[in-house]
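Report on the following structure.
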Amino acid sequence: MPAPAPRRARATAAAMDLLRRLRDTHGPLMLHQSGGCCDGSAPMCYPAGEFIIGDRDVLLGLLDLRLRTGESANSTPGPEEVVQVWISGPQFAAWQHTQLVLDMVPGRGSGFSLESPEGFRFLSRGRVFDPAELDVLNTVAIITGADFERGERPAPSAEPQVVADAADACPIPGREMR
2 MPAPAPRRAR ATAAAMDLLR RLRDTHGPLM LHQSGGCCDG SAPMCYPAGE
52 FIIGDRDVLL GLLDLRLRTG ESANSTPGPE EVVQVWISGP QFAAWQHTQL
102 VLDMVPGRGS GFSLESPEGF RFLSRGRVFD PAELDVLNTV AIITGADFER
152 GERPAPSAEP QVVADAADAC PIPGREMR
């Protein structure tokens, strides 16, 4: 039996808590990994559907707001419980070997992202997939904006979606893991 595919997008518990608060205020949400301009390469959070997804944008994953650290879903979430995580096609070509870990840090972003007035900003952290993970990911279809529009969705992953903090997903060399 082949190894399950790792998630291309995960989030810290703090980032998930902030997404839940933003959802409670603004309704369903989406994220787009920015490729520059206002906030450099910051992940940008919008009300679902407010940012137009291009046909070549790539869906990195679906964050299930019902989940807490280490949990896996045993049912399908409703549309208000899912945050789509997107990246542009050309940027995905550069990042395809990296797992995006959505984190939250104190500070105020300068862009149009919904968390800007909250005193926090989202931050992308990354972990390079190991060769075995890349072998598995090479067998998994990439879902583009055009594919998503036709109804394609990613297969569920057994890997936990929420990590306690970024170091749990992106180990820092020389630092002891919890």
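End of the sequence shown = 179 in our numbering, gap-free, step of one.
Don't be surprised by glycine CBs; every beta carbon is placed ideally from N, CA and C.
In this text, all values refer to a predicted model and were calculated from it rather than measured experimentally.
Nearest to residue i (by Cα), restricted to the options the options
i, options, result
"Leu63", "Asp56, Val86, Asp166, Pro44", "Val86"
"Gly50", "Arg126, Phe93, Glu81", "Glu81"
"His27", "Gln34, Ile54, Glu119, Thr70", "Glu119"
"Ser94", "Pro78, Arg22, Val59, Arg128", "With the sequence shown as reference, residue 94 is identified as Ala, and Ser is not the correct amino acid for it. Checked all of Pro78, Arg22, Val59, Arg128; the closest Cα to Ala94 is Val59."
"Pro78", "Gly71, Arg67, Glu72", "Arg67"
Per-residue burial, residue i [other beta carbons within 10 Å of its own, 16 or more giving buried]
i, result
"Ala4", "exposed"
"Arg151", "exposed"
"Asp131", "exposed"
"Ile88", "buried"
"Ala156", "exposed"
One or two residues paired with residue i in a DSSP bridge
i, result
"Leu64", "Val84"
"Ala10", "Leu101"
"Pro107", "Phe121"
"Val137", "None, per the DSSP bridge assignment."
"Cys46", "Leu32"
"Arg151", "In the DSSP output, where bridge partners are listed per residue, Arg151 has none listed."
"Thr145", "Val59"
Pair within 8 angstroms by beta-carbon distance, residue i and residue j
i, j, result
"Thr145", "Arg57", "yes"
"Phe113", "Met45", "yes"
"Val163", "Ala10", "no"
"Gln34", "Leu101", "yes"
"Glu160", "Arg8", "yes"
"Leu138", "Ala6", "yes"
"Arg69", "Ala14", "yes"
query: Touching or not, the segment 161-172 and the segment 120-133, by the rule of three or more beta carbon pairs under 8 angstroms?
result: Because the criterion of three Cβ pairs below 8 angstroms is met, the segment 161-172 and the segment 120-133 touch.
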